[in-house]
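Numbering (our numbering), first residue to last: 32 to 162.
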């Protein structure tokens, strides 16, 4: 499913070329991707407040073993409930409810062990609550 029909957003790496079916491309990283021009990224919206705080990101990346992922997920969910992230969540939910697909783009190497799947799950939870 894609955005615009109440479905989940697509997820793609910003380093992959944009596709016609991407629709609205939303960057969900705090920092601009290294070595990617604004034209190449083709980002329509940049929602920095959806990303983990600098402190949480640093804490998570201190441990290269990945053992902190479950704790990271819980801490990130808590951060998403804060005022600035909540506003960005509502903005993204509005995009998902609008016309056309929505694609979340990120520069992370391992998307499956990043904040992105946590964000997608959080969006689905918030939509189910009617937020």
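Glycine included, C-beta positions come from ideal geometry on N, C-alpha and C.
Opposing strand residues paired with residue i [DSSP bridges]
i           : result
residue 127 : In the DSSP output, where bridge partners are listed per residue, residue 127 has none listed.
residue 43  : 136
residue 77  : 58
Cβ-based burial, residue i [other Cβ within 10 Å; buried from 16]
i           : result
residue 119 : buried
residue 54  : buried
residue 62  : exposed
residue 138 : buried
residue 32  : For residue 32, the predicted structure reports a pLDDT of 36, less than 50, and the residue's modelled location is therefore unreliable. A value from the coordinates is still provided. The residue in question, residue 32, is exposed, as its Cβ has fewer than 16 Cβ neighbours within 10 Å.
Pick from the options that is closest to residue i, judged by C-alpha positions
i           : options          : result
residue 87  : 110, 78, 158     : 110
residue 45  : 99, 51, 59       : 59
residue 82  : 103, 68, 98      : 103
residue 145 : 107, 70, 156     : 107
residue 154 : 75, 96, 117      : 117
residue 56  : 65, 127, 105, 95 : 127
residue 160 : 121, 89, 130     : 121
residue 51  : 131, 156, 157    : 131
8 Å Cβ cutoff met for residue i and residue j
i           : j           : result
residue 115 : residue 80  : yes
residue 40  : residue 133 : yes
residue 49  : residue 85  : no
residue 123 : residue 78  : yes
residue 147 : residue 135 : yes
residue 151 : residue 76  : no
Contact with chain E by residue i, beta-carbon distance below 8 Å
i          : result
residue 77 : The structure shown contains no chain E; it holds only a single protein chain.
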